[in-house]
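Letter by letter, the sequence shown follows residues 241 to 679 in our numbering.
Note that CB positions come from ideal geometry on N, CA and C, so glycine has one too.
Small disclaimer: the values here were computed from a predicted structure and weren't measured.
A short worksheet on the structure shown next.
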Amino acid sequence: MNHAHHVYRERRDALLKKMREHAGGGVALVPTAPEVARNRDSLFPFRHDSYFYYLSGFPEPEAVVALVAGPDGDRHVLFCRDKNEEREIWDGFRYGPDAAKEIFGFDEAHSIRELKAKLPDIAADRPALFTPVGLFSDWDRHITEVLNEVRSRVRSGVMAPDEIVDVRAALDAMRLVKDAHEVSLMRRAASISAAAHRRAMASTRPGWFEYQVEAELLHEFLREGAQALAYSPIVGSGPNACVLHYRDNNRQMADGDLLLIDAGCELHGYASDITRTFPVNGRFTGPQKDIYELVLATQVACIEAVKPGADFHGYHKVAERVLAQGFIDLGLCSGTLDSVLESESYKQFYMHRAGHWLGMDVHDAGLYQIKGESQKLNPGMVLTVEPGAYIRPAENVPERYWNIGVRIEDDVLVTATGIENLTAAAPKSVADVEAACKR
241 MNHAHHVYRE
251 RRDALLKKMR
261 EHAGGGVALV
271 PTAPEVARNR
281 DSLFPFRHDS
291 YFYYLSGFPE
301 PEAVVALVAG
311 PDGDRHVLFC
321 RDKNEEREIW
331 DGFRYGPDAA
341 KEIFGFDEAH
351 SIRELKAKLP
361 DIAADRPALF
371 TPVGLFSDWD
381 RHITEVLNEV
391 RSRVRSGVMA
401 PDEIVDVRAA
411 LDAMRLVKDA
421 HEVSLMRRAA
431 SISAAAHRRA
441 MASTRPGWFE
451 YQVEAELLHE
461 FLREGAQALA
471 YSPIVGSGPN
481 ACVLHYRDNN
491 RQMADGDLLL
501 IDAGCELHGY
511 ASDITRTFPV
521 NGRFTGPQKD
531 IYELVLATQV
541 ACIEAVKPGA
551 DFHGYHKVAE
561 RVLAQGFIDL
571 GLCSGTLDSV
581 LESESYKQFY
591 MHRAGHWLGM
601 DVHDAGLYQI
611 KGESQKLNPG
621 MVLTVEPGAY
631 IRPAENVPER
641 YWNIGVRIED
651 DVLVTATGIE
661 NLTAAAPKSV
671 ADVEAACKR
């Protein structure tokens, strides 16, 4: 078993330990995502379920991890597709149960076709069943059938699990703190995405369409070995930079526009998430620079607030304060800082949170608050820091600021001593951005 797959076994062992602590044992059943039809007989590119992949590293569809914490010890079981020479000619390689068992470090592996027959035995006499309830409707139905099958055997002395636990609670807490294997993948994903943003800055020209810049991003992602986009890229120029989830990417860019790009790749199941904003012609105008410098100062202040022991919500409060004061200084908001924060008038220009957890999912697993208290930051947590300012045309806004939208986003790892900015290689000072745009 190679090193990476050793990591997955350790995670399964950690989950089995949590199952014993919670219920004295039980069985965990975690399926991967179903394949999804795009149209007629074409499928969307397959993306594994993150929880399943976290426990297995197994990339194929039609697979289930079964973990048994029983009185006679723990068992790691995988159900997966059979080897099938004819299908492999058409669709490509399949591990099959025998190879998958060895390579992915399971105690036993079976054909997915045996799932229906074997699960009632696996679930019998277990105090609790841990599974992602409500994630996939087909799976929920399947689990109900398994439980009913076990209940129907009650006269033969078999007990059905009397507790059903959503396994995601335990896995979310585990996924929130990244292990060394995860951090190395996230570093690489971040580095690829930073290079793509540099490429976008170097190539963008007035007269180009937004989708031409998107093509530069995609080229860099794929060229460096990323398997997918972590999310649909936002390439928003001029007024589109003020649309938070702009997706059309089809406007022709003009000299004097700002371009906001929010784009990141996914590498081996891990996301990166970077936003940079730069002038299409390579030089900021005075008003653009005013807004940009404010957002940058805010972002730097936010990153300084990220450290072990700090509240997760702390850096969002920093973003609100620094931006609100900046909006007052620029004449966009009026009143004292406290009155602007209390009335929330700043939300005309800044209306989203300052960041989120990052990992296998872009908006990754993990609680933000526990019993009303903010989650504390610990080493191994990865989060985004992404304040912004979006100045839409309005009667109370000086015209020179109309349609200026700026967001600056980095991916930050909390360490034992402070932080590591995984995306620092993407330029963000005014001088560095203008240099990267080298016209």
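Quick check on the DSSP output: the beta strand (DSSP E) that includes residue i runs from which residue to which?
i: Tyr630; result: 628 to 631
i: Leu563; result: No beta strand (DSSP E) holds Leu563; the alpha helix (DSSP H) holding it covers 554 to 569.
i: Glu403; result: 403 to 406
i: Gly313; result: 313 to 320
i: Leu623; result: 622 to 625
i: Gly476; result: 474 to 477
Is residue i near the ligand HEM, in the sense that its beta carbon is under 7 Å from a heavy atom of that ligand?
i: Arg491; result: In the structure shown, the ligand HEM is absent, as is every other ligand, since no ligand is present at all.
In terms of residue numbering, what span does the alpha helix (DSSP H) encompassing residue i cover?
i: Ile659; result: It is not in any alpha helix (DSSP H) - Ile659 instead sits in the beta strand (DSSP E) that spans 659 to 661.
i: Glu506; result: No alpha helix (DSSP H) contains Glu506, which is instead part of the beta strand (DSSP E) from 505 to 507.
i: Glu342; result: 336 to 343
i: Val423; result: 420 to 443
i: Val580; result: 577 to 583
i: Leu359; result: 355 to 363
i: Val670; result: 670 to 676
i: Ala306; result: Segment 304 to 310 is the beta strand (DSSP E) holding Ala306; no alpha helix (DSSP H) there.
Tell me the rounded alpha-carbon separation between residue i and residue j.
i: Gln467; j: Ile514; result: 17 Å
i: Thr384; j: Val646; result: 49 Å
i: Gln539; j: Glu454; result: 25 Å
i: Glu261; j: Ile648; result: 43 Å
i: Ala605; j: Gly595; result: 13 Å
i: Phe518; j: Arg438; result: 11 Å
i: Val317; j: Gly266; result: 14 Å
i: His245; j: Arg280; result: 36 Å
i: Asn661; j: Lys587; result: 27 Å
i: Val622; j: Leu469; result: 19 Å
i: Thr272; j: Gly612; result: 32 Å
i: Asn242; j: Glu250; result: Reliability of the predicted coordinates at Asn242 is poor, the pLDDT of 49 falling under 50, and the value obtained from them is presented with this limitation in mind. Straight-line Cα distance between these residues: approximately 13 Å.
i: Glu688; j: Val276; result: Not covered by the structure: residue 688. The range shown for the chain is 241 to 679.
i: Ile343; j: Asp365; result: 30 Å
i: Val308; j: Gly658; result: 39 Å
i: Ile568; j: Pro367; result: 60 Å
i: Gly599; j: Trp330; result: 33 Å
i: Thr655; j: Pro311; result: 39 Å
i: Arg240; j: Gly345; result: In the structure as shown, the chain starts at 241 and stops at 679, and residue 240 therefore has no counterpart that could be examined.
i: Phe292; j: Val417; result: 17 Å
i: Ser351; j: Ala306; result: 13 Å
i: Pro446; j: His459; result: 20 Å
i: Lys257; j: Tyr248; result: 14 Å
i: Ala357; j: Leu411; result: 27 Å
i: Glu450; j: Arg463; result: 20 Å
i: Arg252; j: Leu295; result: 6 Å
i: Asn643; j: Ile531; result: 11 Å
i: Asp578; j: Leu269; result: 51 Å
i: Ser585; j: Ser614; result: 25 Å
In the DSSP output, which residue or residues are listed as bridge partners for residue i?
i: Asn279; result: Ser282
i: Glu649; result: Thr515
i: Asp551; result: Lys616
i: His350; result: Phe319
i: Phe370; result: Ala268, Val405
i: Ile501; result: Val475, Arg516
i: Trp642; result: Paired residues: none, contrary to the question.
With residue i and residue j assumed to form a contact (beta carbons below 8 Å), what rounded beta-carbon distance in angstroms separates them?
i: Ile543; j: Asp650; result: 7 Å
i: Arg315; j: Asp347; result: 5 Å
i: Leu425; j: Leu507; result: 6 Å
i: Asn521; j: Asp488; result: Not a contact, Cβ separation roughly 22 Å.
i: Ala349; j: Pro360; result: At roughly 19 Å, the Cβ-Cβ gap does not stay under 8 Å, so Ala349 and Pro360 are not in contact.
i: Glu674; j: Arg523; result: 6 Å
Problem set entry | Sufficient close CB pairs (3 or more, under 8 Å) joining the stretch 659 to 675 to the stretch 431 to 449 | Output reads yes: the stretch 431 to 449 touches the stretch 659 to 675.
Exercise. Would the stretch 626 to 638 and the stretch 386 to 399 be scored as touching if the rule is three or more Cβ pairs under 8 Å?
Worked result: Cβ pair count under 8 Å is below three, so no.
Exercise. Is the stretch 399 to 419 close to the stretch 447 to 464, with three or more CB pairs under 8 Å?
Worked result: Output reads no: the stretch 447 to 464 does not touch the stretch 399 to 419.
Exercise. So does the stretch 530 to 539 actually touch the stretch 549 to 556, counting three or more Cβ pairs closer than 8 Å?
Worked result: Note that the stretch 530 to 539 does not touch the stretch 549 to 556; fewer than 3 beta-carbon pairs, one per stretch, sit closer than 8 Å.
Exercise. When the Cβ atoms of the stretch 286 to 305 are set against those of the stretch 442 to 452, are three or more pairs found closer than 8 Å?
Worked result: Not touching, per the Cβ criterion.
For this session: Report yes or no: do the stretch 566 to 578 and the stretch 633 to 642 share at least 3 C-beta pairs separated by less than 8 Å?
Result: Because the criterion of three Cβ pairs below 8 Å is met, the stretch 566 to 578 and the stretch 633 to 642 touch.
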